[in-house]
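Following our numbering, the numbering of the sequence shown begins with 4 at its first residue and continues without gaps. For every residue, glycine included, the Cβ atom is placed at its ideal position computed from N, Cα and C. Being a predicted model, the structure only gives us computed values, none of them experimental. Here the structure is laid out as structure tokens; the discussion comes afterwards.
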Amino acid sequence: MSDHQNLLAEQRRALILDEVRRRGGVRVNELTRRLSVSDMTVRRDLDVLARQGMVEKVHGGAVPVAEASSHEPGFEAKSSLEPGAKESIARAAAALVAPGSAIALSGGTTTFALAHHLLDVPELTVVTNSVRVADVFHAARRTAPGGVAPLAGGQHGAAATVVLTGGVRTPSDSLVGPVADQAIRSLHFDMLFLGVHGISAEAGLSTPNLAEAETNRHFVRSARRVVVVADHTKWGTVGLSSFAALAEVDALVTDAGLPAPARAEIAEQLPELVVAGDEPESAPGG
């Protein structure tokens with residue numbers, strides 16, 4: 004049996020998506036030969052990718068979605084994409100956080116998932132421009148007895164101190180603009196967890212929102228360690244505005260759907276690549 008036949012469905016779909024983006028389109032019969040699976044399996048995979056808005060189905064195959072680089076989906080729309088991958092990434096990223104740290108979380112659905120796992124880390128100071136992320140911590144404080152956050156194993160520790168920047172709200176419920184930028188510029192973080200619209204070797208980190216790009220630049224400049232949290236579908240995606248080069252990133256936390264060639268390319272350029280569910284990998288010399 005070939006290696007492709009042993010691929011998990013998510014890994015197989017990631018390979019299909021990579022082919023679509025790289026070649027500008029694929030045919031079903033080409034994918035059946037390359038992946039050594041049935042025509043029906045390929046068509047089911049294309050149906051799933053089409054429902055997620057990742058490809059557009061055409062007669063006999065699929066092509067990339069014709070989406071403007073300035074298009075920004077809303078929070079709810081993004082929440083429905085790759086929920087399992089985001090949950091795995093969140094668990095792996097939370098393990099990087101030490102008690103008592105000062106951390107920043109940018110906007111996004113992956114950082115939103117991460118916030119839930121950080122409730123177990125005591126005495127954090129959390130700065131965020133995400134209304135949704137701030138709500139996670141505030142809800143935990145309201146439901147905890149005496150304002151003390153519950154920890155794993157039935158223990159309790161001091162609830163996180165949460166700082167929500169001001170600013171103008173984006174479709175993804177992030178606060179951006181001069182007010183947010185000024186607040187972030189005056190602070191310093193041990194670690195920044197950054198959600199992204201897209202990540203690529205050429206364009207680095209990007210977003211379709213110009214104001215969010217500027218706010219993210221300030222986040223990156225204010226952090227001693229920059230950790231990008233992004234599922235495998237973000238690799239190869241490029242938004243309207245780049246805000247950081249890969250050289251400015253210390254670690255990427257992603258999921259097992261990332262194809263091997265992409266893992267190798269990322270590991271060559273970043274000091275640390277963490278694939279959720281795998282042991283952390285380090286680039287040569289990292």
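Could you round the C-beta distance between residue 205 and residue 223 to whole angstroms and report it? I think they count as a contact, below 8 Å.
-> About 18 Å; that fails the 8 Å criterion.
Give the range of the alpha helix (DSSP H) segment to which residue 192 is assigned.
-> From DSSP, residue 192 is part of no alpha helix (DSSP H); its letter is neither H nor E.
How long is the line joining the alpha carbons of residue 145 and residue 138, rounded to whole angstroms?
-> 10 Å
So, is residue 102 buried or exposed, given that buried needs 16 or more other C-beta atoms within 10 angstroms?
-> exposed
Are residue 244 and residue 213 touching if we call contact CB-CB under 8 Å?
-> yes
What are the start and end residues of the alpha helix (DSSP H) that includes residue 89?
-> 86-97
For residue 207, I'd like the list of residues in its chain whose CB is within less than 7 Å of its CB, leaving aside the five on either flank, ordered along the chain.
-> 245, 247, 248, 249
Is residue 139 helix, strand or coil by DSSP?
-> helix
Which same chain residues, not among the five before or five after residue 163, have their C-beta less than 6 Å away from its C-beta?
-> 127, 129, 140
Use the C-beta contact count for residue 194: other C-beta atoms within 10 angstroms, 16 or more gives buried, fewer gives exposed.
-> buried
Candidates 120, 116, 173: closest to residue 132 by CA position = 173
Beta-carbon separation (whole angstroms), residue 255 vs residue 273, contact threshold 8 Å = 6 Å
Comparing alpha-carbon positions, which option in 189, 280, 190 lies nearest residue 234?
-> 280
Using 10 angstroms around the beta-carbon of residue 42, count the other beta-carbons present and answer buried if the total reaches 16, otherwise exposed.
-> exposed
Inter-residue CB distance, residue 1 and residue 67 (contact presumed, cutoff 8 Å) | Absent from the structure is residue 1, since the part of the chain shown begins at 4 and ends at 289.
For residue 232, is the classification buried or exposed, using 16 other Cβ atoms within 10 angstroms of its Cβ as the cut-off for buried?
-> buried
Mind checking residue 219: buried by the 16 CB within 10 Å criterion, or exposed?
-> buried
Residue 40 versus residue 59: straight-line alpha-carbon distance, rounded | 21 Å
Opening and closing residue of the alpha helix (DSSP H) in which residue 116 lies | 112-121
When the Cα of residue 239 is compared with those of 182, 89, 210, which residue comes out closest?
-> 210
How is residue 264 classed by DSSP in three states: helix, strand or coil?
-> helix
Between the C-alpha atoms of residue 112 and residue 34, what's the straight-line distance to the nearest angstrom?
-> 31 Å
Should residue 226 be labelled buried (16 or more other beta-carbon atoms within 10 Å of its own) or exposed?
-> buried
Which runs of the beta strand (DSSP E), 3 residues or longer, sit entirely within the stretch 220-282?
-> 229-232, 244-247, 254-257, 275-278
Are any of the Cβ atoms in chain C nearer than 8 Å to that of residue 267?
-> Given the protein chain composition of this structure (a single chain), no chain C is represented.
Hey, quick one: how far does the beta strand (DSSP E) through residue 210 stretch, first residue to last?
-> 207-210
Quick one: what's got a C-beta closer than 8 Å to residue 169's C-beta in the same chain, skipping five residues either side?
-> 178, 182, 183, 186
Proximal residues to residue 89 (C-beta, below 7 Å), its chain only, five neighbours per side dropped | 112, 113, 116, 234
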